[in-house]
Each structure stands twice: as C-alpha cells, then as structure tokens.
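Take a look at the structure set out below.
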Amino acid sequence: MKKSQAKLGITKLFVFIFFLLLLFVFLPGIYSIRNFSITVKPCYKVSEPLEIHIQGPPKTFFTIKTYSPDKKTVYPFGKFQTSSQGTHSFYYPSGYSSTGVYNIFLETNQQKINKSFEIQGQCVSQEPPQNQEATKNQIITEPEKNTSRQTEKKSAEKPKPLTTGLKQTKQTNLTKILLKPRFKSFSLWQHPRFLVNFTYKRTGFSVSSQNTNLQSIKIDLDERLKGKVKTVFQNKNLELVPLQNIQPGCYQLKMFRGNQSQEIWFSWGLVSVNTEKPIYRPGEEAKIWMVVLDRHGYPVEGANVTLRITDHENNSQVFSTFSGTVKETGKGIYEARYRVRKEGNHTLWVLAEADDVVSEFESHFLSKKSYEFDILRETPMVIDPKKGWFESKIKIVSYIPIQNFTLKEYLPKEFQVKTNAEIVKTENKTVLKWENLSNGSWVSYKFSVPWVWPYLYEFGPAKIVYQDKIFQEARPWYLAIDPSFNYTEHLIDSGTNVYRVMDIEVLDFDKDGDLDFVACAYGSDEINWWSNQGDNQTFTNILIQDTPNTDGVKDIEVLDFDGDGDYDVVYAAGLENRIAWLENSGNNQSFTDHEINESATYCDNPSDIEVLDFDRDGDYDVVAALQDDDEISWFRNEGDNLTFTKVIILRYNANLDGVRDIEVLDFDGDGDYDIGYAATLEDRIAWLRNSGDNQTFTDIQVCESTLTCEDVRDIEVTDFDKDGDYDIVAAVYSDRRISWWENSGDNQTFTEHVIAAGIVYAEGINDVEVGDMDGDGDYDVVVSLYLGDKLAWWKNSGNNLDFEEETVIQSSSLANGAWTTRIIPEFESNGIKAIVLASYDGNRLAWWEPKQKPEITILSPNESSQSKTVLLNFTVYDLYSTTLECWYSLNGELTYIGSVTNGTYYNTTIQVENNKIEQNLTVICQNSFTNGSETVLWSAHPFSTGWSYRIPINITENSGKNLTEYQVMLSLDTETLVSQGKLQNHCNDTRFTFWNSSLGIEQEIPYFLDFNCNQNDTTFWVKIPWIPANGNATIYFYYGNPNASSESNEPDVFSYSNLEEIYYVIDDTAAGKNLNITALEDNT
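Residue numbering for the sequence shown follows the working numbering, beginning at 128 and increasing consecutively.
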C-alpha cells in the first residue's frame, strides 16, 4: 500500500469518528424537538386562572383531552395545531371550582403523553423550572423520527402578521407576552376584549407590565376575521370591533413582538340564550332556551350544558343536563325553567361542553313587580334555510292604560320579508313598523334567509313607541342556521377496523358485480376489505393483514400483481419502513406477505407508492416517496415478483423535503414514465422528467412558495382544461387554497388558477380528488378538510375559472377529522356522483349518496296550446317530504304556486305571454334537502316549433266599415333579413298569423308571395279574418326556420268561406263620361 493511500485512509477514519461525535452531541437535541411537552403548574387554587403551554414540532396537529376528578371532560378538549414556532397555549380565566386531581392527555400520530395538576384551596407546591418540563412528561410511545434539517427549516418560518397602527417607543428585554381574554366566550353582540400583559427581564428579575409603551406589536387575525373586524388598543386592552356580521365559531388570535409571541383561541357566538320574555315578575316561571353550536357553527346534539342563575343578592341555582333540569328539546336547543322569586337583575351563566368545543356565555334577564309591556315571541331558534319561509309572531301585553302604540322589529338586512307592516331599510337592518296597536295585539311576518351557513342571526331588540317614550326588549333573540345537506350517509364501518384510515380503494374486489372497499388504517395497523352484499348498504368486513409488518400503514394499491386472476394488495408501512405485497390465495381471505423492501436506511417512512410497469418489461414495479429521507426511488421487479432492486431517483434532496405525494405518468408524452410530486416541508410542487433510462431525471418546478403552495398536502395530475397537456391540481394546507396549475404547453411554465382561496384556517385542506362530479363534461374538485370535519366539492362553471362550493357534510361526529376521499362514479344519483370519506379522528368509513330530487311530471298544457290563460296540471313524487313548496317559471320569471302534497295531482291556472314565440315552462318543487324540476317547451304559435323570429304588423281601418276576409298587400324588406342569415333566400320560411282578441288565441292565416324575394320591397298578400271599423288588427310575420318549406298559396288568399259577388273595373272609358270608380267593399 502506498503511504499516501494510508494517510488518506486515516484521514477518512478521523472524519468518520468526528461525524459520530457530532451525532452523539446533537442527535438528542434534534429528536427532543420532535417530542411534545406539556407545561402546567402542579397546583392551582380554586377559580385561579389556568395556563397550559404546549411545545412540539411546528405546524403539527395534536389532540388534547382534560378530565376532572370525577372523570368528566373539561377545557381544554379537542383538536389543535401548533404554531410555526411549535407552540400552542390555553388560557382559562375562570379556572376550576372542583378540587382534586385533573389529568391532561395529549396524543399525536407518533406520541402520547399525559400530565396532571391539582386544584386546591391553597397550593404549597411551586411551578417546576422550565428546563425540567420535558423530562417530566411521560412518553407513552416513541415519536416518528425526522431529520434535523426539516425541523430547523420549519422552526425558522414566521407567520405573516398584520401590523397595527400603534404608537411605538423602544423597550428592550421582553421575555414574555401574555394575552388574556376578558371573558371565556363571547356572544355575537359582544366585542371580544383581551388584556395585554408584557414581562420584561431587568438585572436578574422580571417585571410585569400592563401599561407598557407598545413597540413593534403585530397582530395576526384569524383568516375568517380579516376585513370583518378592526383591532383597537386602549389602555390595557385589545378589542375586536366588528365591521360586519360575524359567523359563529372558534377563532385564533396571535400577537408578536420581537421574537416573542402568543396565540390563543376564543369562541364567538357558540352559545346563545333566549328567554320567553326579557322581564318577569316575581312568582312567574322563566323559560330559558340555550342554543349550543360546535366550533363550525352547527347545532350540537347531546352536549353537556350547565346553567347557573344568580339573582342580585348573589343567590344561585344550578341546572344541568346531568341532573335532568336542562332538557334537549330540539337539535342544539336546551331548555330550563326557573321560578323567579326576587326583583332585580338575574345573571345567566352557561357552560356547554361537546366533543370539540367548551364554550361559556353570560347573559341576563330582569325581574320587576311592575313594568310597562311584555314582548312575547313565537320565533324559531334553529331553522333549515332550504325550507323556504318561516313565520315569527309577537304578542304585546300592555300593563299601562294606553289606547295605541307602535312596535318596531329589527331584522338582519339580508332577510327577505313578507308582512303587512311598513318596511324601512337602513344600512344594517330591515325595520318592520306596526302602528295603532293595542293591548293583546299580535303581529306576524314571514321571512327567508340566505343559503349561507353556519350562521347565527340576531333579531331585535324590538322597541315599543308610546307617548313619546320607548320601551325596549332587554336582549336580542338569536336564530341559528342548521341546513340539511343534500347527501345521505351509508356507513361501511366504524371503530378499530377504520382507526385512522389513510387510504381507500374502491373496486369489485371479489368480482361479484358490485363495488367493494379496501382500506388501510394507520392507527390500528390493519388492511381490510368490505364485501358489498349487493345492495350498496350492507358490507361485511374481512381482515387482510394485521401484523407488525403493517405498523403505521399509510398507502395501498390494489391490483392483480401476479396475474393469476384475483386482486392482491401492495402496501407501504411508514412506521415499519416497509413496502411489500400481499398475495391473494384466491379466496379473498388468505394472503401471503412478500417483502419488497424493509429498511430504516433504504426505505425510511414510505408515504406514498405507485404500482405500474415502470420499465415496461412486463411485470409490476413500485415507485415510492420516502418522506424521512427526502427521497423518490423505484423498486424494479426482477421478474419473479419476489426479488426487487432499488433504483434511486433523488435522495437527500432539498427539493424533496418532506415529500408526501407522487403521481407517476408520461407527463411529456415521450414514451417513458415521469413523476409529479408534492414536498410538504419544501412548499414545492414539481415533476421529474425521465431521460429515458429510468435512472436520470430532471427536476422541473411548478410552484415553490410560502405564498401559494405552503404545506402542500396532495396533488392530482390530469388534463384539467382538456387542451392536450397535463395540469396539476393541488390542496395547499397552510395557504388555505385549492388551485390548479395550467400547463402552457411546454411542460415548464405553469399558471395558477385559484379554485377556492381564503379557506378557513381551522378547516385544514388534506386530500383532493378530480372528476366530473355532475356529468357536464368538465372537471370538478372534491376536497376533505381535516380540521373542519368537512367534505365538499367545487363545481366547475365550465370555464375552469369559476367554481361554486357544494358541502356534502360538515359534522364533528359524522366527519370528525375528514381525511381521505374518493369519487365513486358507479354510485350516482340525480346525475351527481357519490363520494366515500374516511374520518381520521372519528374512526369512520362511509359513502355519501346524493339525495334524490323530487320527481315532477307536467301533464298539461301540451306543446301546442294557444290559450292565453291555461290550466297547469302536474304531479310530484318525493322520498323525504309529505308536502313540498312549488313554483312555476316562464322563461325565468318565478311565480309561487304554494304547498303541494306529495304524490298527488295539482292544478292551477297560469298566465302565458302572448307575444313569445316559444316559452320554457318549468315547475320547481323543493323538499327539505334539494329541489327537482321539469321543463316543457310552450309554443305560443299554432304551428310546429322551429321559427326564431317574428315581427308584429298593425293594420288600422279608416273607412268606418267592418272588414272580413280582407286581402291586404304588404311590402317588406327581405333583402336585409336574407343578408343577416335570418331568412331563406327564397322566402320559403315565411308565415303569417292573426291575433284573435275575442278568442285570446293566435291563428295562422294564408299568404301569397307575389314577387321579388331577397329585395327591399318584396310583396306579400295576406287575408285577414277581421278588421273592426275604425279599429286595429294585429298580424305577425314569422321567419327564421332553415328547415321550412314554402306555403305560399294564391287561391287561399283570394277566396272566401262563402260565395261572394266580385266586381272588377275593366276599363275606365267603357261606360261613358259619367262613370265614378270607387273601391268596392267585400260583401257589397
């Protein structure tokens, strides 16, 4: 061996040892960043404000559950996400009143930890030092590992805050920002207010200040609030002032100063209280209704509701669903009854707890022995806006001697109203005014609301004006919007078998003629299939695999891998670092596991796989995204389906940071396979061009930006605009948008078209599917929204630029953690395709069928009726409703028919438009979910359809004689009409009609084309049935039918229904000098 070679070997050895030492020093720190930790004081006093701080990986979802000493759920409870700095904080200003040990459980995909604290009358323990917190958290399962570069990259990202208009003076050494809401929850009529507190470090001790001069303060509002509220700083408070109506929900607020920040969540409008009347007398029973909404704004069934009523002497009475003193009387509506004993103000405190929300609310009512009026409402509290019109009634009881007074009701300006009251529109309200009312008067109105949900509307407060005085209702009345969705759920399975499903395949697995479902469950490490029993409603579960090999299974591909006639399953198990295929024995129940690759080094956390004949040698290969190694590789099948060789395409590549999704296809049409990919941590969408050898690839960027593709989760590669090249549709989580990227044709330049932007941050776009949902020839987009517990699709208007959202389901019970979705073209209803959804947190797999529309059959009038007033006869049949609301439309003008009984014939008289050639007559009937319609072509003329134009011609009689069967010569410019393409060049498509006013019908009349078609003075003769003396007759000239033949008929024009004597002047010189020539009238 040469000496130089020996030295080189020693150098390499030292480098290797040095690298190991670096790993030894820094690796624990790297992995500790991946761990979640909980910081909470070990002891709090009763009702002491509570703070819980979470530290973990940035932008990572976690579920937190807190249990009281009696094992009931308390705040915080639900699903949340860490900030870009890896933090999340909870603040509970009222603390807890029950003493004992409280337990916090935090869970992520890779980790479970718990922490406990106590509530005592007095606390003697101190908060542990900050640097000890991580070691005091009990690790239940080890987290999935990650690279240090990924962690460092995400930790360095900063949110994009809004800058406030504050006076700024310099202050240094800021160590902590504390943002506390003044109340636990806020009603819609309250302005959320927050106490701002800063802690500064000075010479070894900390100083807390609420009156600091604020420097470089930045506020980041929840996306749903931007443009709808303004931030106001005053003294120690930050206040949110609404500029328009606010949708109820849970909102996020972040404050930044320097390198310090804090974020909190608060609820706005999730609990509302209505009382039968605002003022009660001592001894009366107060009826109290509480409407509870989930964090999306939908009414909640089965919530735990506690109501505490405190009078002005601080006497309290507690009601609850647990004790049975609060009863659920409707979806999301909870009722309690309270016997009023004392005069004065009564405070209402409500606590509502459900699966994904803990909300508090304070309101009040007044008790007085005497007062002027009672305002008694019969107004709904929860409605489905699709059901049309709703009625509200108000009764006024007067306790003072007064003859008449005026009532003013205040409604949202968006409402449509039917009433006998005077209506006044203001900038923000619709005001209804009834005058000259007396004691015991009832007023009513009907209203309809926009099809916008979820929403909470405010009625009132109503006012009574009397003797120059005003009596005002003590509080508004609240109305919650709870729509019924247009889809029916068909449950496939729930529970352990579908615990955190990551992927679904829909196919006829057992080849019995119906569709089955195959799914992999990341949480339970299972692969299952569900056999359809033939009715698409009943499914039998059959386990395919549940072994350590499928630990953390993320993706599956179902196909006949070995070509023996049955379906096999290829899978990727992320936690096991394994890709393998399951060979079907032929009975669809027994499977043999064959490894393709299993190695933490060479197959680190496969996140997505594609199975196809990548090298086109006649067998199946596997292309894989290996998320933790920032790698895309393919595994070449050596021909026996048992031996596979790994071929690295790209590895340890910054562009592939957190690669999550791949699509394999011939992107550039050159005959080999290319790969599209989405790199979540790199905020990148791109495709890899195959050079032709399946080993060398060129990386071509589509998007890399924190503005348009930050945290891209899923892509679909398809020719979206059908122009012959491939485009890319993307679901982008952090940028809250769905977009499609249009290929310019060179496969290198792409233009973004936004399908939906500004999607609620808390909804969390996860999965995207592309298909023609409604069969209209263009592509629509289906999306699952994880944090929003929502499945929706966006309908393409046809231009690929304008899209309309259609919600399939939004529910914290039926779509909890909506994760994976697939379109099912074979399951179709009303021309709309069905969708299957796996709910990651709800452990639920179901398919959603579009609800059937009402079926309408128009029996009459038929196509050629000529009467102005006709009888409309139709039937309607519906699966869901006993009565339906119906309308008819003539060319878009909608007229309300009324309520129609399901399954019956309905007759009504309608007016048709006489001057329309053809009219589309449509009947629309609406059930609780959707509407159905039927359209026929109404022909207003007496001959077959097909004419496009007509011109009215008015004829005036001036002789004072009634004219019957009278021939009139017309000179018309047909040259212009022929040149415009509106008339045949031989005038074969001309027709004439006469409007018979006495019968109310239009009649065809004979005509004769004399000469000169396609001239500016073409001569026609027509015979008009009747022209009244000194009156008018109207005839119509029809034209514009390319398929019509001439019906010019000279004998018909110059003949009569009865025998007539006709005199003609032959020569004006034949009879002598005294002959007078006059026009002769018919029948003379």
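We treat Cβ as the ideally placed atom computed from N, Cα and C, and that holds for glycine.
Review point. Considering only the beta carbon of each residue, do I827 and A805 sit closer than 9 Å?
Key: Numbered from its first residue, the sequence shown carries residue 827 at position 700. Numbered from its first residue, the sequence shown carries residue 805 at position 678. No, these two residues do not count as a Cβ contact at 9 Å.
Practice item. State buried or exposed for K134, treating a residue as buried only when at least 16 other CB atoms are found within 10 Å of its CB. Key: Position 7 of the sequence shown, counted from the first residue, corresponds to residue 134. Because the pLDDT of K134 is 36, which lies under 50, any placement of that residue in the model is unreliable, and the number read from its coordinates should be weighed accordingly. With fewer than 16 Cβ atoms within 10 Å of its Cβ, K134 is classed as exposed.
Check your understanding: Tell me, which residues are paired with V897 by DSSP?
Key -> Taking the sequence shown and counting its residues from 1, the one referred to as residue 897 is at position 770. According to DSSP, which records beta bridges pairwise, V897 is partnered with V908.
Point to revise | Spatially closest choice to T235 from S621, K192 and P196, by CA coordinates | key: Stepping through the sequence shown from its first residue, residue 235 is reached at position 108. T235 has its Cα closest to that of K192, out of S621, K192 and P196.
Review point. Taking just the CA atoms, how far does A646 sit from A965?
Key: Residue numbering aside, residue 965 sits at position 838 when the sequence shown is read from its first letter. Residue numbering aside, residue 646 sits at position 519 when the sequence shown is read from its first letter. Taking the straight line joining both Cα atoms gives about 9 Å.
Check your understanding: For D755, which three-state DSSP category applies?
Key -> Reading the sequence shown from its first residue, position 628 is the one you call residue 755. Correct three-state label for D755: helix.
Check your understanding: Going by beta carbon distance, what residues of the same chain come within less than 7 Å of I246, once the five residues before and after it are set aside?
Key -> Here residue 246 is taken as the residue at index 119 of the sequence shown, counted from 1. Excluding sequence neighbours, I246 sits near Y171, V173, Y223, S225, T226, G227 and Y229.
Exercise for review: Return the bridge partner residues of H180 from the DSSP annotation.
Suggested key: Locating residue 180 in the sequence shown gives position 53, counting from the first residue. Answer by DSSP bridge pairing, in chain order: T166 and S216.
Practice item. Tell whether a beta-carbon distance below 9 Å holds between I406 and K495. Key: The residue you call residue 406 lines up with position 279 of the sequence shown. The residue you call residue 495 lines up with position 368 of the sequence shown. Yes, the pair counts as a contact, with Cβ atoms nearer than the cut-off.
Check your understanding: Does the beta-carbon distance from R949 to I962 come in below 9 Å?
Key -> Within the sequence shown, residue 949 is the residue found at index 822, counting from 1. Within the sequence shown, residue 962 is the residue found at index 835, counting from 1. Yes, these two residues count as a Cβ contact at 9 Å.
Point to revise | Same chain, Cβ closer than 6 Å to L478, neighbours up to 5 away in sequence not counted | key: Against the sequence shown, residue 478 aligns to sequence position 351. Excluding positions up to five away in sequence, the list reads T433 and E487.
Check your understanding: Under 9 Å, do T557 and V576 count as touching if we go by C-beta distance?
Key -> Counted from its first residue, the sequence shown places residue 557 at position 430. Counted from its first residue, the sequence shown places residue 576 at position 449. No, the pair does not count as a contact, with Cβ atoms beyond the cut-off.
Check your understanding: Contact check, D894 vs A858 under 8 Å by CB: the rounded distance?
Key -> Taking the first residue of the sequence shown as 1, we reach residue 894 at position 767. Taking the first residue of the sequence shown as 1, we reach residue 858 at position 731. Confirmed, about 6 Å.
Review point. For P1178, which three-state DSSP category applies?
Key: Counting from one through the sequence shown, the residue named residue 1178 turns up at place 1051. Here P1178 sits in helix by DSSP.
Check your understanding: Pick from Y694, L1136, F244 and Q672: whose alpha carbon is nearest that of F1119?
Key -> Taking the first residue of the sequence shown as position 1, residue 1119 is located at position 992. Of the candidates Y694, L1136, F244 and Q672, the one whose C-alpha sits nearest the C-alpha of F1119 is L1136.
Review point. Excluding five sequence neighbours on each side, which residues of the same chain lie with their C-beta closer than 6 Å to the C-beta of T474?
Key: Mapped onto the sequence shown, residue 474 falls at position 347. Answer for T474: T437 and H491, listed in chain order.
Review point. Going by other Cβ atoms of all chains shown within 10 Å of its Cβ, with 16 needed for buried, is L998 buried or exposed?
Key: Counting from one through the sequence shown, the residue named residue 998 turns up at place 871. Exposed, by the Cβ-count rule.
Practice item. In the DSSP assignment, find the unbroken alpha helix (DSSP H) run with T1103 in it and report its ends. Key: Mapped onto the sequence shown, residue 1103 falls at position 976. Note, T1103: alpha helix (DSSP H), T1101 to S1106.
Check your understanding: How many angstroms separate the CA atom of K917 from the CA atom of D788?
Key -> Counted from its first residue, the sequence shown places residue 917 at position 790. Counted from its first residue, the sequence shown places residue 788 at position 661. About 21 Å.
**Study point:** Sufficient close CB pairs (3 or more, under 8 Å) joining the segment 520 to 531 to the segment 551 to 571
**Key:** yes
Exercise for review: State yes or no: is the C-beta of S450 within less than 9 Å of the C-beta of G969?
Suggested key: As a position in the sequence shown, residue 450 is number 323, starting the count at 1. As a position in the sequence shown, residue 969 is number 842, starting the count at 1. No, Cβ-Cβ distance for S450 and G969 is not below 9 Å.
Practice item. Could you tell me whether the Cβ atoms of P588 and P610 are closer together than 9 Å? Key: One-based indexing of the sequence shown puts residue 588 at position 461. One-based indexing of the sequence shown puts residue 610 at position 483. Going by C-beta atoms, P588 is not nearer than 9 Å to P610.
Review point. Which same chain residues, not among the five before or five after N676, have their C-beta less than 7 Å away from its C-beta?
Key: Numbered from 1 along the sequence shown, position 549 holds the residue referred to as residue 676. Correct list, in chain order: A700, E703, R705, A707 and D720.
Point to revise | 9 Å Cβ cutoff met for E790 and E837 | key: Start at 1 with the first residue of the sequence shown, and residue 790 comes out as number 663. Start at 1 with the first residue of the sequence shown, and residue 837 comes out as number 710. Taking 9 Å as the Cβ cut-off, E790 and E837 do not qualify as a contacting pair.
Point to revise | Limits of the unbroken beta strand (DSSP E) element including Y593 | key: Within the sequence shown, the letter at position 466 stands for residue 593. K590 to Y593 is the extent of the beta strand (DSSP E) around Y593.
Check your understanding: For M97, which beta-bridge partners are listed by DSSP?
Key -> Given a span of 128 to 1211 for the chain in the structure shown, any question on residue 97 remains unanswerable.
**Study point:** Cβ-based neighbour list, A481, same chain, cut-off 8 Å, excluding 5 preceding and 5 following
**Key:** What you label residue 481 is simply residue 354 of the sequence shown in a count that begins at 1. Counting only Cβ-Cβ distances below 8 Å, and skipping sequence neighbours, we find V419, D421, V427, G429, A430, N431 and S939.
Exercise for review: Have a look at the DSSP bridge pairing and note the partners of F762.
Suggested key: Here residue 762 refers to the residue found at position 635 of the sequence shown. Looking at the DSSP assignment, F762 forms a beta bridge with V749 and K773.
Review point. Which of helix, strand or coil does DSSP assign to L702?
Key: Numbered from its first residue, the sequence shown carries residue 702 at position 575. It is coil, neither helix nor strand.
Exercise for review: List the endpoints of the continuous beta strand (DSSP E) containing Q672.
Suggested key: In the sequence shown, counting from the first residue as 1, residue 672 sits at position 545. It spans F666 to Q672 - the beta strand (DSSP E) in which Q672 sits, taken as one unbroken run.
Review point. With burial defined as no fewer than 16 other Cβ atoms inside 10 Å of the residue's Cβ, what is the status of A781: buried or exposed?
Key: For the purposes of this step, residue 781 is taken as the residue at position 654 of the sequence shown. So A781 counts as exposed.
Check your understanding: Pick from Y1015, I523, D691 and I608: whose alpha carbon is nearest that of D746?
Key -> Within the sequence shown, the letter at position 619 stands for residue 746. Checked all of Y1015, I523, D691 and I608; the closest Cα to D746 is D691.
Check your understanding: Taking DSSP as the reference, what is the three-state secondary structure of P733?
Key -> One-based indexing of the sequence shown puts residue 733 at position 606. DSSP places P733 in strand when its eight states are reduced to three.
Practice item. May I ask you to list the residues that DSSP assigns as paired with E653? Key: Numbered from 1 along the sequence shown, position 526 holds the residue referred to as residue 653. DSSP output for E653 lists A648 as bridge partner(s).
Review point. Would T835 be called buried (16 or more neighbouring beta carbons within 10 Å of its own) or exposed?
Key: By one-based count along the sequence shown, residue 835 stands at place 708. So T835 counts as buried.
Practice item. In the DSSP assignment, find the unbroken beta strand (DSSP E) run with W476 in it and report its ends. Key: Along the sequence shown, one-based indexing puts residue 476 at 349. Start and end: G471 to A481.
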